[in-house]
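Student: Submitted below is the structure of interest, expressed as structure tokens.
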Amino acid sequence: MKTVPLADAVAMIPDGARIVVGGFLSVGTPERLMDEIVRQEKRDLTLIANDTARPGVGVGKLVDARCLRHVIVSHIGTNPETQRQMLADEITVELVPQGTLIERIRAGGYGLGGVLTPTGVGTLVEEGKQKIEIDGRPYLLETALKADFALVHAFLADYLGNLAYALTARNYNPIVAMSGETVIATAEHIVPVGVIAPDHVVTPAPLVDYIVANG
Amino acid sequence: MDPQAVIAKRIARELRSGMLVNLGIGIPTLVAGYAPPDVQVYFHSENGLIGTGAIPAEGMAHPTLTDAGGRPVTALPGASTFDSAISFGFMRGGHVDLTVLGGLQVDQSGHLANWMIPGKMVPGMGGAMDLATGAKRVIVAMQHTAKGQSKIVKSCTLPITSARPIDCVVTELAMIAFSNGQAVLTEIAPDVSVDDVIAATEADLVLSHDLHEMMI
Numbered sequence: 001m002k003t004v005p006l007a008d009a010v011a012m013i014p015d016g017a018r019i020v021v022g023g024f025l026s027v028g029t030p031e032r033l034m035d036e037i038v039r040q041e042k043r044d045l046t047l048i049a050n051d052t053a054r055p056g057v058g059v060g061k062l063v064d065a066r067c068l069r070h071v072i073v074s075h076i077g078t079n080p081e082t083q084r085q086m087l088a089d090e091i092t093v094e095l096v097p098q099g100t101l102i103e104r105i106r107a108g109g110y111g112l113g114g115v116l117t118p119t120g121v122g123t124l125v126e127e128g129k130q131k132i133e134i135d136g137r138p139y140l141l142e143t144a145l146k147a148d149f150a151l152v153h154a155f156l157a158d159y160l161g162n163l164a165y166a167l168t169a170r171n172y173n174p175i176v177a178m179s180g181e182t183v184i185a186t187a188e189h190i191v192p193v194g195v196i197a198p199d200h201v202v203t204p205a206p207l208v209d210y211i212v213a214n215g
Numbered sequence: 001m002d003p004q005a006v007i008a009k010r011i012a013r014e015l016r017s018g019m020l021v022n023l024g025i026g027i028p029t030l031v032a033g034y035a036p037p038d039v040q041v042y043f044h045s046e047n048g049l050i051g052t053g054a055i056p057a058e059g060m061a062h063p064t065l066t067d068a069g070g071r072p073v074t075a076l077p078g079a080s081t082f083d084s085a086i087s088f089g090f091m092r093g094g095h096v097d098l099t100v101l102g103g104l105q106v107d108q109s110g111h112l113a114n115w116m117i118p119g120k121m122v123p124g125m126g127g128a129m130d131l132a133t134g135a136k137r138v139i140v141a142m143q144h145t146a147k148g149q150s151k152i153v154k155s156c157t158l159p160i161t162s163a164r165p166i167d168c169v170v171t172e173l174a175m176i177a178f179s180n181g182q183a184v185l186t187e188i189a190p191d192v193s194v195d196d197v198i199a200a201t202e203a204d205l206v207l208s209h210d211l212h213e214m215m216i
């Protein structure tokens with residue numbers, strides 16, 4: 001793990017990269033990384049996240065600043081700007097049931113090719129997907145999602161990169177941290193090793209490539 | 001009584017101590033407010049919280065303690081927080097005892113449509129498909145009609161949320177249960193007649209042997 005200034009962390013992300021970002025309606029989203037992606041005017045990113053938040057917050061900032069080309073999310077209903085850009089063919093949107101989305105991201109990070117889920121069977125979601133019967137019950141084969149960069153926000157990060165999360169800001173973050181080729185984390189507090197007890201570490205340090213320095 | 005209050009009050013009577021319950025947005029959210037005081041249920045928020053409490057007192061909100069709509073909530077004694085994979089494992093895995101969902105249409109065989117209106121409203125399904133597919137019991141809370149049209153139809157014209165039929169729908173007029181592909185009228189609201197319900201319903205209704213007035 002390396003500690004990097006904010007600008008250097010985001011400079012690693014090229015235009016056109018595929019990013020997976022923690023957060024649920026911006027709660028638990030690494031806001032400083034979002035602001036810096038906007039400031040560095042990244043373009044044509046593919047975003048994998050739970051939702052597109054609201055204008056002006058979380059990944060909604062990336063929508064506002066037109067950093068995105070394609071989004072894979074479960075919900076865009078809270079962000080009229082995403083809907084406007086979708087209808088204007090400025091971005092493309094793949095809507096995935098939330099439980100399927102988190103499992104596809106998990107599969108990506110856990111070395112699985114995909115998962116079998118009953119969610120979506122018999123609905124529009126099953127179009128073009130392989131259906132597999134197990135013990136007489138139909139499941140959809142939903143394939144794994146991986147990303148070039150995982151952007152994570154923790155409550156605590158220690159000097160080695162162990163992470164712990166707070167309350168409902170945990171959400172996608174620990175799963176996202178498994179599924180990025182490069183993992184960049186921000187934290188509310190950067191603390192000495194040992195402050196997070198081994199049993200309270202949620203994301204172990206070897207997963208985390210970069211902690212964004214304070215300041 | 002306000003139609004939404006009738007619906008929420010009736011559904012609140014289905015709550016039992018110890019149940020794990022997920023409430024959708026809209027009318028379902030109101031159900032929590034009518035839970036009998038002696039009934040202690042665990043409310044599940046899909047963003048990763050069991051033991052969701054009321055809206056915090058002024059000045060006590062925390063930005064990392066929110067419900068699935070992103071609103072500040074409190075956590076009750078015994079609450080727990082967890083990641084989204086666990087949260088949806090609870091839903092799909094049949095660990096949620098009851099979910100109450102809003103609806104655009106419910107059809108005669110119990111199919112629910114509640115996530116999109118093609119060409120008009122495409123917000124995304126969020127967690128609705130997982131809940132409708134995996135919760136042990138699914139109750140839909142919705143008004144009986146919209147713009148004079150029955151929302152309880154012969155066959156859904158809107159895209160369905162799950163192939164798995166719901167257990168029942170509660171409206172301001174009636175409670176209708178679904179079994180073996182039939183819509184069974186089990187309860188009618190006070191001051192509503194069976195004929196009123198039939199007239200307001202496009203689906204064919206079978207009358208329950210135990211048809212009675214809704215207690216609210």
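Chains as they are written, first to last, in our numbering: chain A, 1 to 215; chain B, 1 to 216.
The beta-carbon is built from N, C-alpha and C at its ideal position, and this holds for glycine as well.
1. Tell me which same chain residues have a C-beta within less than 7 Å of the C-beta of residue 153(B), skipping the five on either side of it?
2. Out of 198(A), 190(A) and 203(A), which one is the CA nearest neighbour of residue 3(A)?
3. Which residues of the segment 148-177 of chain B have a Cβ closer than 9 Å to any Cβ of chain A? Give them in chain order.
4. Straight-line CA distance for residue 125(A) to residue 147(B)?
5. Extract the residue ranges of the alpha helix (DSSP H) inside the segment 130-207 of chain A, only unbroken runs of 4 or more that lie entirely within it.
6. I want to see whether chain A comes within less than 8 Å of residue 179(B), judged by CB atoms only; does it?
7. Can a CB atom of chain A be found closer than 8 Å to the CB of residue 63(B)?
8. Taking Cβ to Cβ, would you say residue 166(B) is nearer than 8 Å to residue 113(B)?
9. Would you say residue 98(A) and residue 126(B) are within 8 Å of each other, going by their C-beta atoms?
10. When you compare the CB of residue 83(B) with every CB in chain A, is at least one pair closer than 8 Å?
11. Does the CB of residue 46(B) have a neighbour CB from chain A at under 8 Å?
12. Counting pairs of Cβ atoms below 8 Å between the segment 176-193 of chain A and the segment 144-151 of chain A, do you hit three or more?
13. Please classify residue 79(A): is it buried, with 16 or more other beta-carbons within 10 angstroms of its beta-carbon, or exposed?
14. So, is residue 162(B) buried or exposed, given that buried needs 16 or more other C-beta atoms within 10 angstroms?
15. Can you check whether the CB of residue 65(A) is closer than 8 Å to the CB of residue 36(A)?
16. To be precise: take each residue of the segment 171-186 of chain A, compare its Cβ to all Cβ atoms of chain B, and keep it if any distance is under 8 Å. Which residues remain?
17. Could you pull out every residue in the same chain whose Cβ sits closer than 8 Å to the Cβ of residue 76(A), ignoring the five residues on either side in sequence?
18. Note down, in chain order, all residues in the segment 87-99 of chain B with a beta-carbon under 9 Å from any beta-carbon belonging to chain A.
19. For residue 122(A), which option in 194(B), 212(B) and 133(B) has the closest C-alpha, if you only look at C-alpha atoms?
Tutor: So, to answer that:
1. Locating residue 153(B) in the second sequence gives position 153, where the first residue counts as 1. Around residue 153(B): 105, 107, 202 and 203.
2. In the first sequence, counting from the first residue as 1, residue 3(A) sits at position 3. Closest by C-alpha distance to residue 3(A), out of 198(A), 190(A) and 203(A), is 190(A).
3. Of all residues in the segment 148-177 of chain B, only 159, 160, 161, 162, 163 and 164 come within less than 9 Å of chain A when Cβ atoms are compared, listed by chain position.
4. Here the question's residue 125(A) lines up with position 125 in the first sequence. Here the question's residue 147(B) lines up with position 147 in the second sequence. Their backbone Cα atoms lie some 29 Å apart in a straight line.
5. List check, alpha helix (DSSP H) in window: 173-176.
6. Against the second sequence, residue 179(B) aligns to sequence position 179. False, the Cβ-Cβ gap to chain A never drops below 8 Å.
7. In the second sequence, residue 63(B) corresponds to position 63, counting from 1. Residue-level contact check: residue 63(B) touches chain A, since one or more beta carbons of chain A fall below 8 Å from its beta carbon.
8. Working through the second sequence from its first residue, we reach residue 166(B) at position 166. Working through the second sequence from its first residue, we reach residue 113(B) at position 113. No; because the gap between Cβ atoms is not below 8 Å, this pair is not in contact.
9. In the first sequence, the residue the question calls residue 98(A) occupies position 98. In the second sequence, the residue the question calls residue 126(B) occupies position 126. Closer than 8 Å, so yes.
10. Taking the second sequence and counting its residues from 1, the one referred to as residue 83(B) is at position 83. Yes, residue 83(B) counts as interfacial toward chain A.
11. Within the second sequence, numbered from 1, the residue matching residue 46(B) stands at position 46. Yes, its Cβ sits closer than 8 Å to a Cβ of chain A.
12. Touching, yes, given that three or more Cβ pairs across the two stretches are closer than 8 Å.
13. Working through the first sequence from its first residue, we reach residue 79(A) at position 79. Residue 79(A) comes out buried.
14. Counting from one through the second sequence, the residue named residue 162(B) turns up at place 162. Looking at its Cβ environment, which holds 16 or more other Cβ atoms inside 10 Å, residue 162(B) is buried.
15. By one-based count along the first sequence, residue 36(A) stands at place 36. By one-based count along the first sequence, residue 65(A) stands at place 65. Cβ distance not < 8 Å, so residue 36(A) and residue 65(A) don't count as in contact.
16. If the cut-off is 8 Å between Cβ atoms, the segment 171-186 of chain A has 171, 172, 173, 174 and 175 near chain B.
17. As a position in the first sequence, residue 76(A) is number 76, starting the count at 1. Around residue 76(A): 51, 52, 82, 83, 86, 93 and 95.
18. Under the 9 Å Cβ criterion, the segment 87-99 of chain B contributes 87, 88, 89, 91 and 92.
19. For the purposes of this step, residue 122(A) is taken as residue 122 along the first sequence, with counting starting at 1. Checked all of 194(B), 212(B) and 133(B); the closest Cα to residue 122(A) is 133(B).
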